[in-house]
Amino acid sequence: MNERVATFGPDEAEALIGIETLPPEGTGSAERPAILILNAGVVLRVGPHRITVRMARRLAREGFHVLRFDLAGLGDSGRRNISSSESPNVQDVRRAMDYLEQSAGAKRFVLIGICSGADNGIKTAAVDPRVVGVVMLDAYAYRTLKFYWLKLRSRGHDWDAWTGFARRASRAAVERVRARFPHADSEAAALRVQASQLNVRYIPPKREFAEKLRTVVDRGTRCYIIYTANASDKYSYPEQFDDGFRRFGLEGRICCEYWPNVNHTFTELAMQERLFAAVTAWTRQHWVR
Amino acid sequence: MKPFFFGPPSRQLFGIYHDAVGGGAAQGAVLVCGPFGQEAIQAHRILRALATRLGKVGYHALRFNYFATGDSAGECEEGSQSQWVTDVHAAHLELVRLSGASRIAWVGLRYGASLATLAASSIPSDLSELVLWDPVVHGSEYLTELSESHAAFMQADLPGWKAPVSQTEALGFPISASLAADFRALDLTANGAVRARHVTLVRSQPETSFADFERSLAGSGVSFESVLIDTGATWKSEEAMNTFYVPVNVLNAVVSRIQGAP
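Here it is as structure tokens:
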């Protein structure tokens, strides 16, 4: 496998570091987008269990030019100086795209990420039209009425479960109404800042996520979401995405799968193989003729 | 900090070379041998911090990935103990070439400390210091620990998970039959002498005992000391992978041992 070090960014102190995996000679094509694999949480660019290394090599064998790199402050990349930018991670992903555009002539990109990597993928796609595909593994998940119903049905005559359901359903209804008023945006922004300071994952209001998805699918960007068992406190049946996002006009427009027998970081080898096969098939379907 | 590949193209190893800071004559150079599998992911930040600290006190440092691990060439299933010992030697030569230093120390963490111990038996000149941080002394016990950690994690993380009949993987990494055999055969107490002027054995978990390894080091005639620096950390968990944890007290102790090496 042909791999080389990629170093890019504003200066040496803030340099971002990654590894490019090149397709075997004769298999690449200018039509194919380049692929970026993003950090999962604070795990370095090799990914949990070296998943991203293996995925990069699989995708390169399909003819894709792949870059997996560390965001500023993670892995071997430099620290980030205080920035006024709202989303420095998005800035880093765009820098990686700029780098591949200049060094390899790539014009279009597919972003792949687990958890926070998925979050950074969709955030970048929403603001950068060079992104033509996003794979989100355990993207933001939102409960639906059917989710609650299935949960309750599995609990039978458990009275506490029913009262808990009533409490959560009324709270959700209140939140839905509150989200329609202007102050909701400033509250969400404050929570987002708090979450970034505490290094916890900030889950935006569903409407915000839906708007980003709408923005990207409306311009023709392909999205592929896989929810694992990790999301089971919020996601519990295959059609839940369509049910939850129907009112945002997203039903049937995003490939979404539910893998309840797989954990968040695809720990076991069979789970990893399933992931590689699914992502490879999806990219091949859209970009390999 | 310079990331690069070295070695033959088909088996290229990934390394990161840290220059000593300050521009004056360096005190020496340090090769950092990381752990195996899940522990390698967890230890990345720790070892980067160690190399940075060493640079600040005048030591060049090289971190690297063994063949079939991290960013190096090779698929996970292709790793073997003999290959990784060879990789330690290759990285040592690369460090000598890059740094020009004649005073070389090695720091090994967990299974990396075991590989360093095996590799240090067959190098042409003595290391100034060999730091062995929580080494895997008995590979058979390590294999059992990996298996138990895998089962405990999967049971907690995936309701309904069933343990496989045979162990062919642990915490996300394959354990091939030949690698399992390598682990089973690993016994540092039977390793014999290492070529180092001094050995420091660092124990970061009070419940672990290295008594038999200490006896074997004493029996080999090497100058050594054993220190306990309690960090409360665990190496065998997948949850630890996604943390910023760096045991500064251990890093300080390691750096001071290297500075005070004969």
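Residue numbers (the numbering used here), protein chains in the order written: chain X, 1 to 289; chain D, 1001 to 1262. Yeah, the Cβ is synthetic: ideal placement off N, Cα and C, and Gly gets one too. Nothing here was measured: the structure is a model prediction, and the numbers come from that model.
Taking 9 angstroms as the threshold (C-beta atoms), are residue j and residue i in contact?
i, j, result
"Asp-1134 (chain D)", "Ala-1196 (chain D)", "no"
"Leu-1031 (chain D)", "Ala-1151 (chain D)", "no"
"Trp-1235 (chain D)", "Glu-1039 (chain D)", "yes"
"Leu-1186 (chain D)", "Leu-1132 (chain D)", "no"
"Leu-1115 (chain D)", "Tyr-1017 (chain D)", "no"
"Pro-1206 (chain D)", "Leu-1228 (chain D)", "yes"
"Met-97 (chain X)", "Val-131 (chain X)", "yes"
"Phe-69 (chain X)", "Leu-111 (chain X)", "no"
"His-264 (chain X)", "Gly-1172 (chain D)", "no"
"Leu-1062 (chain D)", "Ala-1049 (chain D)", "no"
"Gly-1108 (chain D)", "Leu-1143 (chain D)", "no"
"Ala-74 (chain X)", "Arg-54 (chain X)", "The amino acid occupying residue 74 (chain X) in the given sequence is Leu; Ala does not appear at that position. Cβ atoms of Leu-74 (chain X) and Arg-54 (chain X): not closer than 9 angstroms."
"Val-262 (chain X)", "Ala-210 (chain X)", "no"
"Glu-12 (chain X)", "Ala-72 (chain X)", "no"
"Tyr-142 (chain X)", "Phe-8 (chain X)", "no"
"Asp-76 (chain X)", "Met-1154 (chain D)", "no"
"Asp-138 (chain X)", "Tyr-237 (chain X)", "no"
"Ile-1258 (chain D)", "Gly-1028 (chain D)", "yes"
"Phe-1014 (chain D)", "Asn-1065 (chain D)", "yes"
"Gln-1083 (chain D)", "Phe-1067 (chain D)", "yes"
Quick one: Cα of residue i to Cα of residue j, how far?
i, j, result
"Glu-1225 (chain D)", "Ala-1113 (chain D)", "15 angstroms"
"Asp-218 (chain X)", "Arg-94 (chain X)", "21 angstroms"
"Ala-270 (chain X)", "Phe-147 (chain X)", "28 angstroms"
"Ala-281 (chain X)", "Asp-1071 (chain D)", "24 angstroms"
"Pro-1247 (chain D)", "Phe-1213 (chain D)", "24 angstroms"
"Ser-1140 (chain D)", "Ala-1170 (chain D)", "14 angstroms"
"Arg-201 (chain X)", "Ile-122 (chain X)", "14 angstroms"
"Arg-108 (chain X)", "Ala-277 (chain X)", "22 angstroms"
"Glu-3 (chain X)", "Tyr-1111 (chain D)", "26 angstroms"
"Ala-1190 (chain D)", "Ser-87 (chain X)", "54 angstroms"
"Gly-117 (chain X)", "Tyr-140 (chain X)", "11 angstroms"
"Tyr-1280 (chain D)", "Ile-1046 (chain D)", "Limits of chain D in this structure are 1001 at one end and 1262 at the other, which puts residue 1280 (chain D) out of reach."
"Lys-212 (chain X)", "Ala-126 (chain X)", "5 angstroms"
"Val-1136 (chain D)", "Lys-1162 (chain D)", "28 angstroms"
"Val-1250 (chain D)", "Gly-1232 (chain D)", "11 angstroms"
"Ala-1253 (chain D)", "Ser-1010 (chain D)", "38 angstroms"
"Asp-160 (chain X)", "Val-174 (chain X)", "21 angstroms"
Is it the case that the CB of residue i approaches a heavy atom of the ligand NAP more closely than 8 angstroms?
i, result
"Ser-116 (chain X)", "Summarising the ligand content, the structure contains no ligands, and the ligand NAP is consequently not present."
Could you tell me which residues DSSP puts in a beta bridge with residue i?
i, result
"Tyr-258 (chain X)", "X:Tyr-227"
"Asn-263 (chain X)", "In DSSP, Asn-263 (chain X) forms no bridge with anything."
"Asn-2 (chain X)", "X:Leu-22"
"Ser-1226 (chain D)", "D:Leu-1201"
"Met-136 (chain X)", "X:Gly-113, X:Ile-225"
"Ala-1061 (chain D)", "D:His-1018, D:Val-1030"
"Glu-1169 (chain D)", "D:Pro-1174"
"Asp-1187 (chain D)", "D:His-1138"
"Ala-1196 (chain D)", "D:Leu-1127"
"Gly-1100 (chain D)", "Paired residues: none, contrary to the question."
"Pro-1262 (chain D)", "DSSP output for Pro-1262 (chain D) lists no bridge partner at all."
"Val-131 (chain X)", "X:Phe-109"
"Ala-34 (chain X)", "X:Phe-109"
"Val-66 (chain X)", "X:Thr-21, X:Ile-35"
"Phe-8 (chain X)", "X:Leu-16"
"Lys-151 (chain X)", "In DSSP, Lys-151 (chain X) forms no bridge with anything."
Beta-carbon of residue i versus every beta-carbon of chain X: anything under 9 angstroms?
i, result
"Pro-1008 (chain D)", "no"
"Asp-1019 (chain D)", "no"
"Cys-1033 (chain D)", "no"
"Gly-1070 (chain D)", "yes"
"Glu-1169 (chain D)", "yes"
"Gln-1012 (chain D)", "yes"
"Leu-1251 (chain D)", "no"
"Arg-1097 (chain D)", "no"
"Gly-1232 (chain D)", "no"
Could you confirm whether any beta carbon from chain D is found closer than 9 angstroms to the beta carbon of residue i?
i, result
"Arg-54 (chain X)", "yes"
"Gly-75 (chain X)", "yes"
"His-286 (chain X)", "no"
"Glu-3 (chain X)", "yes"
"Val-279 (chain X)", "no"
"Pro-48 (chain X)", "yes"
"Glu-14 (chain X)", "no"
"Ala-126 (chain X)", "no"
"Ile-254 (chain X)", "no"
"Val-262 (chain X)", "yes"
- request: State whether the region 27-34 of chain X contacts the region 237-251 of chain X, with contact taken as three or more CB pairs (one from each stretch) at a distance under 8 angstroms.
  value: Look at the beta carbons and you see the region 27-34 of chain X not touching the region 237-251 of chain X: under three pairs across the two are nearer than 8 angstroms.
task: Assess, as a yes-or-no matter, whether the region 61-74 of chain X is touched by the region 12-23 of chain X under the definition of 3 or more beta carbon pairs within less than 8 angstroms.
output: Contact between the region 12-23 of chain X and the region 61-74 of chain X is present, because at least three Cβ pairs lie under 8 angstroms.
message: Could you check whether the region 121-138 of chain X touches the region 208-223 of chain X, counting it as contact only if at least three pairs of C-beta atoms, one from each stretch, sit closer than 8 angstroms?
response: They touch, by the three-pair rule.
task: Give a yes or no on contact between the region 1085-1103 of chain D and the region 1118-1125 of chain D, applying the rule of three or more CB pairs nearer than 8 angstroms.
output: Between the region 1085-1103 of chain D and the region 1118-1125 of chain D there are three or more inter-stretch CB-CB distances shorter than 8 angstroms, so the stretches are counted as touching.
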